[in-house]
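Read the sequence shown against the numbering used here and you will find it ends at 238, with the numbers running on by one and no gaps. Don't be surprised by glycine CBs; every beta carbon is placed ideally from N, CA and C. Fair warning: this is a prediction, and the values are worked out from it, not measured in the lab.
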Amino acid sequence: MKIKRWIGMILTCALIFAMTGCGAGNQTQPDDAGTSDDTAQVSASADDETLKEAQAEEHSDTQTSNAGDNTTGDGKILVVYFSYTGHLDSMANWIADETGGDLIRVSAKDAYPEDYDDTVDRAKKEQDENSRPEIDVELTKEQLAGYDTVFFGFPVWWYDIPMPMYTFLDSYDFTGKTIIPFLSHEGSSNGGSAEQTINEHARGANVRFEDALSIRGGKVDSSEQDVRDWVDGLGFGK
(Lines of atoms letter the chains of each structure in order from A and count residues from 1; the text may use other names and numbers.)
(Lines give C-alpha, C1' and ligand atoms only; values in the text may rest on other atoms or scores of the structure.)
Protein backbone atom coordinates (compact mmCIF):
# COMPACT_ATOMS: atom_id res chain seq x y z
CA MET A 1 0.00 0.00 0.00
CA LYS A 2 2.76 2.42 0.95
CA ILE A 3 4.55 1.66 -2.31
CA LYS A 4 1.40 2.35 -4.32
CA ARG A 5 0.83 5.56 -2.39
CA TRP A 6 4.37 6.71 -3.13
CA ILE A 7 3.99 5.80 -6.78
CA GLY A 8 0.72 7.77 -6.92
CA MET A 9 2.32 10.79 -5.31
CA ILE A 10 5.25 10.62 -7.74
CA LEU A 11 2.90 10.41 -10.73
CA THR A 12 0.82 13.32 -9.44
CA CYS A 13 3.90 15.50 -8.98
CA ALA A 14 5.15 14.58 -12.43
CA LEU A 15 1.78 15.52 -13.96
CA ILE A 16 1.70 18.87 -12.15
CA PHE A 17 5.30 19.63 -13.28
CA ALA A 18 4.46 18.77 -16.88
CA MET A 19 1.39 21.04 -16.91
CA THR A 20 3.34 23.93 -15.39
CA GLY A 21 6.05 23.63 -18.08
CA CYS A 22 3.52 23.68 -20.92
CA GLY A 23 1.80 26.77 -19.54
CA ALA A 24 5.08 28.67 -19.36
CA GLY A 25 5.91 27.77 -22.94
CA ASN A 26 2.57 29.12 -24.32
CA GLN A 27 2.49 32.42 -22.36
CA THR A 28 1.91 35.61 -24.56
CA GLN A 29 4.85 38.00 -24.53
CA PRO A 30 3.87 41.53 -23.41
CA ASP A 31 4.38 44.42 -25.93
CA ASP A 32 7.86 45.89 -25.71
CA ALA A 33 7.77 49.58 -24.84
CA GLY A 34 10.31 50.28 -27.51
CA THR A 35 8.26 48.48 -30.13
CA SER A 36 5.17 50.39 -29.12
CA ASP A 37 7.01 53.74 -29.39
CA ASP A 38 8.44 52.75 -32.77
CA THR A 39 4.95 51.98 -34.04
CA ALA A 40 3.63 55.30 -32.81
CA GLN A 41 6.56 57.12 -34.41
CA VAL A 42 6.02 55.44 -37.77
CA SER A 43 2.33 56.30 -37.59
CA ALA A 44 3.10 59.92 -36.77
CA SER A 45 5.67 60.09 -39.55
CA ALA A 46 3.11 58.76 -42.00
CA ASP A 47 0.63 61.40 -40.88
CA ASP A 48 3.29 64.10 -41.25
CA GLU A 49 4.09 62.92 -44.77
CA THR A 50 0.39 62.90 -45.67
CA LEU A 51 0.05 66.44 -44.35
CA LYS A 52 3.15 67.56 -46.24
CA GLU A 53 1.85 65.98 -49.45
CA ALA A 54 -1.53 67.65 -48.97
CA GLN A 55 0.16 70.99 -48.33
CA ALA A 56 2.38 70.51 -51.38
CA GLU A 57 -0.65 69.71 -53.55
CA GLU A 58 -2.49 72.73 -52.21
CA HIS A 59 0.53 74.95 -52.92
CA SER A 60 0.83 73.48 -56.40
CA ASP A 61 -2.87 74.11 -57.07
CA THR A 62 -2.50 77.69 -55.85
CA GLN A 63 0.48 78.29 -58.14
CA THR A 64 -1.42 76.82 -61.09
CA SER A 65 -4.42 78.99 -60.31
CA ASN A 66 -2.27 82.10 -60.03
CA ALA A 67 -0.49 81.26 -63.27
CA GLY A 68 -3.86 80.93 -64.94
CA ASP A 69 -4.93 84.29 -63.55
CA ASN A 70 -1.82 85.93 -65.04
CA THR A 71 -2.15 84.33 -68.46
CA THR A 72 -2.74 86.80 -71.24
CA GLY A 73 -5.77 86.55 -73.26
CA ASP A 74 -9.23 85.53 -71.85
CA GLY A 75 -11.02 88.73 -72.83
CA LYS A 76 -8.06 91.07 -73.23
CA ILE A 77 -8.80 94.06 -75.45
CA LEU A 78 -6.49 95.97 -77.78
CA VAL A 79 -7.35 99.33 -79.31
CA VAL A 80 -5.09 99.88 -82.32
CA TYR A 81 -5.40 102.80 -84.69
CA PHE A 82 -3.85 105.07 -87.30
CA SER A 83 -4.48 108.82 -87.20
CA TYR A 84 -3.44 111.80 -89.28
CA THR A 85 -5.64 114.73 -88.25
CA GLY A 86 -6.15 113.59 -84.65
CA HIS A 87 -9.76 112.45 -84.98
CA LEU A 88 -8.80 108.82 -84.48
CA ASP A 89 -6.61 109.76 -81.52
CA SER A 90 -9.69 111.01 -79.70
CA MET A 91 -11.91 108.07 -80.65
CA ALA A 92 -9.26 105.52 -79.74
CA ASN A 93 -8.57 107.08 -76.36
CA TRP A 94 -12.26 107.12 -75.46
CA ILE A 95 -12.62 103.48 -76.49
CA ALA A 96 -9.55 102.41 -74.53
CA ASP A 97 -10.80 104.27 -71.47
CA GLU A 98 -14.29 102.79 -71.70
CA THR A 99 -13.11 99.22 -72.27
CA GLY A 100 -10.02 99.24 -70.09
CA GLY A 101 -8.12 97.96 -73.12
CA ASP A 102 -4.54 98.63 -74.17
CA LEU A 103 -3.91 101.45 -76.63
CA ILE A 104 -1.48 101.14 -79.56
CA ARG A 105 -0.91 103.71 -82.30
CA VAL A 106 0.36 102.78 -85.76
CA SER A 107 2.51 105.40 -87.50
CA ALA A 108 4.27 105.50 -90.85
CA LYS A 109 8.05 105.52 -90.41
CA ASP A 110 8.19 108.13 -93.14
CA ALA A 111 5.77 110.63 -91.63
CA TYR A 112 3.10 112.08 -93.87
CA PRO A 113 3.49 115.76 -94.85
CA GLU A 114 1.83 118.39 -92.71
CA ASP A 115 0.23 119.80 -95.84
CA TYR A 116 -3.09 118.02 -96.28
CA ASP A 117 -3.07 118.09 -100.09
CA ASP A 118 0.42 116.60 -100.20
CA THR A 119 -0.71 113.83 -97.89
CA VAL A 120 -3.74 113.15 -100.08
CA ASP A 121 -1.50 112.86 -103.13
CA ARG A 122 0.94 110.54 -101.38
CA ALA A 123 -1.87 108.37 -100.06
CA LYS A 124 -3.31 108.02 -103.55
CA LYS A 125 0.09 107.10 -104.98
CA GLU A 126 0.63 104.45 -102.28
CA GLN A 127 -2.77 102.98 -102.99
CA ASP A 128 -2.24 102.91 -106.76
CA GLU A 129 1.08 101.12 -106.25
CA ASN A 130 -0.38 98.79 -103.60
CA SER A 131 2.62 99.69 -101.48
CA ARG A 132 3.29 98.66 -97.89
CA PRO A 133 4.81 101.64 -96.08
CA GLU A 134 7.06 100.76 -93.17
CA ILE A 135 5.40 101.37 -89.84
CA ASP A 136 6.30 102.13 -86.26
CA VAL A 137 4.21 100.17 -83.79
CA GLU A 138 5.10 99.02 -80.29
CA LEU A 139 3.50 95.60 -80.54
CA THR A 140 5.19 92.23 -80.96
CA LYS A 141 3.53 89.22 -82.52
CA GLU A 142 3.67 87.49 -79.16
CA GLN A 143 1.92 90.41 -77.49
CA LEU A 144 -0.86 90.46 -80.07
CA ALA A 145 -1.41 86.76 -79.46
CA GLY A 146 -2.54 87.65 -75.95
CA TYR A 147 -5.56 89.66 -77.11
CA ASP A 148 -9.00 88.31 -77.98
CA THR A 149 -10.66 91.49 -79.25
CA VAL A 150 -9.09 94.20 -81.42
CA PHE A 151 -10.76 97.55 -81.93
CA PHE A 152 -9.32 98.66 -85.27
CA GLY A 153 -9.39 102.39 -86.02
CA PHE A 154 -8.62 104.31 -89.19
CA PRO A 155 -9.63 107.32 -91.30
CA VAL A 156 -11.12 106.48 -94.68
CA TRP A 157 -8.57 107.38 -97.35
CA TRP A 158 -9.62 107.01 -100.96
CA TYR A 159 -12.54 104.75 -99.97
CA ASP A 160 -10.29 102.34 -98.09
CA ILE A 161 -8.04 101.97 -95.05
CA PRO A 162 -4.69 103.84 -95.20
CA MET A 163 -1.87 101.76 -96.64
CA PRO A 164 0.10 101.72 -93.35
CA MET A 165 -2.82 99.74 -91.91
CA TYR A 166 -2.43 97.24 -94.75
CA THR A 167 1.12 96.81 -93.52
CA PHE A 168 -0.14 96.30 -89.99
CA LEU A 169 -2.71 93.67 -90.96
CA ASP A 170 -0.18 91.80 -93.11
CA SER A 171 2.36 91.74 -90.27
CA TYR A 172 0.35 89.82 -87.67
CA ASP A 173 -1.73 86.69 -87.22
CA PHE A 174 -5.34 87.51 -86.37
CA THR A 175 -6.65 83.96 -86.42
CA GLY A 176 -9.45 83.51 -83.89
CA LYS A 177 -9.58 87.17 -82.91
CA THR A 178 -12.57 89.48 -83.08
CA ILE A 179 -11.96 92.74 -84.96
CA ILE A 180 -14.34 95.65 -84.46
CA PRO A 181 -13.65 98.63 -86.75
CA PHE A 182 -14.12 102.29 -85.89
CA LEU A 183 -13.49 105.02 -88.42
CA SER A 184 -13.74 108.67 -89.34
CA HIS A 185 -14.74 109.82 -92.80
CA GLU A 186 -15.58 112.84 -94.91
CA GLY A 187 -18.40 111.28 -96.88
CA SER A 188 -17.69 107.53 -97.14
CA SER A 189 -19.60 106.61 -93.99
CA ASN A 190 -19.67 102.92 -94.90
CA GLY A 191 -15.88 102.81 -95.19
CA GLY A 192 -15.86 102.13 -98.91
CA SER A 193 -13.97 98.90 -99.53
CA ALA A 194 -12.56 98.80 -95.98
CA GLU A 195 -14.70 95.83 -94.95
CA GLN A 196 -13.42 93.71 -97.84
CA THR A 197 -9.84 94.82 -97.18
CA ILE A 198 -9.90 93.91 -93.50
CA ASN A 199 -11.50 90.53 -94.18
CA GLU A 200 -8.90 89.72 -96.82
CA HIS A 201 -5.86 90.83 -94.84
CA ALA A 202 -6.88 89.63 -91.37
CA ARG A 203 -7.60 86.07 -92.40
CA GLY A 204 -9.09 83.86 -89.73
CA ALA A 205 -10.48 86.79 -87.76
CA ASN A 206 -14.12 87.44 -86.99
CA VAL A 207 -14.53 90.91 -88.50
CA ARG A 208 -17.65 92.53 -87.08
CA PHE A 209 -18.05 95.32 -89.61
CA GLU A 210 -21.80 95.32 -89.00
CA ASP A 211 -20.97 96.72 -85.54
CA ALA A 212 -18.48 99.31 -86.82
CA LEU A 213 -18.62 102.89 -85.55
CA SER A 214 -18.43 105.54 -88.27
CA ILE A 215 -18.26 109.27 -87.46
CA ARG A 216 -17.76 112.21 -89.80
CA GLY A 217 -14.42 113.85 -89.07
CA GLY A 218 -15.86 117.25 -88.25
CA LYS A 219 -18.19 115.76 -85.63
CA VAL A 220 -15.67 113.66 -83.72
CA ASP A 221 -14.85 116.30 -81.12
CA SER A 222 -18.49 116.42 -79.97
CA SER A 223 -19.04 112.65 -80.11
CA GLU A 224 -17.36 111.37 -76.95
CA GLN A 225 -20.59 110.18 -75.35
CA ASP A 226 -21.68 108.54 -78.60
CA VAL A 227 -18.42 106.61 -78.68
CA ARG A 228 -18.75 105.50 -75.07
CA ASP A 229 -22.38 104.49 -75.58
CA TRP A 230 -21.36 102.47 -78.62
CA VAL A 231 -18.77 100.56 -76.58
CA ASP A 232 -21.28 99.88 -73.82
CA GLY A 233 -23.87 98.77 -76.36
CA LEU A 234 -21.44 96.15 -77.66
CA GLY A 235 -21.00 94.83 -74.12
CA PHE A 236 -17.38 95.91 -73.72
CA GLY A 237 -17.83 98.64 -71.12
CA LYS A 238 -15.69 98.03 -68.06
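Whole-number beta carbon distance between LYS109 and GLU134, since they are thought to touch under 8 Å: For this step, residue 134 is matched to residue 134 along the sequence shown. For this step, residue 109 is matched to residue 109 along the sequence shown. GLU134 to LYS109, Cβ: 4 Å. Contact.
As assigned by DSSP and simplified to three states, the class of ASN93: Sequence index remark: in the sequence shown, residue 93 carries index 93 (1-based). Correct three-state label for ASN93: helix.
Length of the line joining the Cα atoms of GLU142 and PHE174: Against the sequence shown, residue 142 aligns to sequence position 142. Against the sequence shown, residue 174 aligns to sequence position 174. Distance between the alpha carbons of GLU142 and PHE174 is about 12 Å.
Local conformation of GLY244 per DSSP, three classes: The structure shown does not extend to residue 244, since the chain is modelled only from 1 through 238, so no value can be given for it.
Closest Cα partner of LEU241 within the set GLN196, TYR147 and SER184: Because the chain in this structure spans residues 1 to 238, residue 241 falls outside the shown range and cannot be described.
Whether TYR147 touches LEU103 by CB criterion (8 Å): Taking the sequence shown and counting its residues from 1, one reaches residue 147 at position 147. Taking the sequence shown and counting its residues from 1, one reaches residue 103 at position 103. No. Outside cutoff.
Any 3 or more C-beta pairs closer than 8 Å across the segment 176-194 and the segment 144-163: yes
Outcome for GLU126 when other beta-carbon atoms lying within 10 angstroms are tallied against a minimum of 16: Taking the sequence shown and counting its residues from 1, the one referred to as residue 126 is at position 126. By the neighbour-count rule (16 or more Cβ atoms within 10 Å), GLU126 is buried.
Buried/exposed call for LYS177, threshold 16 Cβ in 10 Å: The residue labelled residue 177 in the question sits at position 177 within the sequence shown. Label assigned to LYS177: buried.
Extent of the continuous alpha helix (DSSP H) to which GLY233 belongs: As a first step, residue 233 must be located in the sequence shown, where it is residue number 233. 224-233 is the extent of the alpha helix (DSSP H) around GLY233.
Proximity of PHE182 and ILE95 at Cβ, strictly below 8 Å: Numbered from its first residue, the sequence shown carries residue 182 at position 182. Numbered from its first residue, the sequence shown carries residue 95 at position 95. The answer is yes: Cβ separation under 8 Å.
Contacts around THR99, its chain only, beta-carbon distance under 8 Å, and the 5 residues preceding and following it disregarded: Translated into the one-based positions of the sequence shown, residue 99 becomes position 99. Closer than 8 Å at the Cβ level, and outside the excluded window around THR99, lie ILE77, VAL79, PHE151, VAL231, PHE236, GLY237 and LYS238.
Complete alpha helix (DSSP H) runs within the segment 121-171 (minimum length 4 residues, chain order): 141-144 and 163-170
Contact belief for PRO113 with ARG122 at Cβ below 8 Å, rounded distance in angstroms: The residue given as residue 113 occupies position 113 in the sequence shown. The residue given as residue 122 occupies position 122 in the sequence shown. Confirmed, Cβ separation roughly 7 Å.
Cβ-Cβ separation, ILE198 to LEU169 (assumed contact under 8 Å), whole Å: Position 169 of the sequence shown, counting from 1, holds the residue named residue 169. Position 198 of the sequence shown, counting from 1, holds the residue named residue 198. Contact flag correct, Cβ pair sits at about 7 Å.
Coil, strand or helix - ALA111 by DSSP: On the sequence shown, residue 111 is found 111 positions in, with the first residue counted as 1. ALA111 falls in the coil class under three-state DSSP.
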